[in-house]
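Enquirer:
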Amino acid sequence: MINIRHENKDEFKLVEAKTRDAFWNLYVPGCNEHLIVHHLRDSADYIPDLSFIIEKDGEIIGSIFYSKSKIVTDTGSDLETITFGPVSIVQEFQGQGYGRQLITYTIAQAKAAGYAAIIIGGYPKHYERYGFVGAKKYGLRLADGNYYTGMMALPLKAHAFEGKQGIIQFSAVLEDSPENELMNFDQNFSNKEKLVTASQREFEQAVSEIDTREF
């Protein structure tokens, strides 16, 4: 039986551990997503109403976390948006549709709550199925002025991005944590070996790819 619900406070460390297991050595040697989750819960940018865990037969197998983001438009105004991530499913249950259920459910919740749009970073092949397109389509770029294929947008309201071209600004809590802080935090979890993997090289190429498409 599948159940999607909010996490309880006494489950925080378990959810962090499962997040760590899901991301370990996936994008970098080790990972920092579990520390991001830890900090996010205490951030003013955290959106708990949209953050959920997914259970299978009573076991937590994944989670998704939402935070506030915005577009700093070229006209000087801000468009308030939201962002999901980290989102993860533990390795033994990956590729079985549980992540899709979690994402689909929370997108519907966000739309019902009246949010204007979702901005994320990731692999287009993973998120196009939900309606995400390259952020370049709407004139949305990063602070360096570049449009990247890994930056994607999903309007939840009609014409959400009309006249809103500008710079994507994610919550600071999603940025990389200092290495010493991460090392200290990892002492709370089981020891794992950091390895260099093919998926890390693929990710490095993906996140740096400039979007040259015409929309």
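Quick note on my numbering: the sequence shown kicks off at 2 and runs consecutively. For glycine and all other residues, C-beta sits at the position ideal for the given N, C-alpha and C. These numbers were taken from a predicted model, which means no experiment stands behind them.
Between which two residues does the alpha helix (DSSP H) containing Met184 stretch?
Expert: Residues Glu180 to Asp187.
Enquirer: Can you find the residues in the same chain that come closer than 8 Å, C-beta to C-beta, to Val38, ignoring five residues on each side of it along the sequence?
Expert: If we look at Val38 and ignore the five residues flanking it on each side, its Cβ neighbours are Val16, Glu17, Thr20, Ser64, Phe66 and Pro87.
Enquirer: Would you mind reading off the limits of the beta strand (DSSP E) that contains Pro87?
Expert: Looking at the DSSP string, the run of the beta strand (DSSP E) that includes Pro87 is Asp79 to Ile90.
Enquirer: Report all residues from its chain with a CB closer than 7 Å to the CB of Gln110; omit the five preceding and five following residues, and keep chain order.
Expert: So the list reads Leu51, once near-sequence residues are dropped.
Enquirer: What are the complete beta strand (DSSP E) segments, minimum 3 residues, inside the segment 90-143?
Expert: For the segment 90-143, whole beta strand (DSSP E) runs of length 3 or above, ordered along the chain, are 118-122.
Enquirer: Which residue wins for smallest C-alpha separation from Ser172, given the options Ile5, Cys32, Leu27 and Ala45?
Expert: Checking every option, the nearest Cα to that of Ser172 belongs to Ala45.
Enquirer: Should Arg155 and Ile119 be called a contact, given that it needs their Cβ atoms to be closer than 7 Å?
Expert: Strictly speaking, residue 155 in this sequence is Leu, with Arg absent from that position. Yes, these two residues count as a Cβ contact at 7 Å.
Enquirer: Does DSSP classify Ser64 as helix, strand or coil?
Expert: Strand, per DSSP.
Enquirer: Closer than 8 Å is the cut-off here; do at least three beta carbon pairs connect the segment 184-199 with the segment 129-141?
Expert: Counting Cβ pairs under 8 Å, fewer than three are found: no touch.
Enquirer: When DSSP labels each residue in this structure, what does Val38 get in the three-state scheme?
Expert: Helix at Val38.
Enquirer: Just to confirm the assignment, what range does the alpha helix (DSSP H) spanning Leu15 have?
Expert: It spans Phe13 to Phe24 - the alpha helix (DSSP H) in which Leu15 sits, taken as one unbroken run.
Enquirer: Out of Ile121, Arg42, Phe162 and Met152, state which residue places its alpha-carbon closest to the alpha-carbon of Thr76.
Expert: Of the candidates Ile121, Arg42, Phe162 and Met152, the one whose C-alpha sits nearest the C-alpha of Thr76 is Phe162.
Enquirer: Report yes or no: do the segment 89-106 and the segment 138-148 share at least 3 C-beta pairs separated by less than 8 Å?
Expert: Touching, no.
Enquirer: Where Ser191 and Asn4 are concerned, what is the direct C-alpha to C-alpha distance, given to the nearest angstrom?
Expert: Cα to Cα, the separation comes out at about 27 Å.
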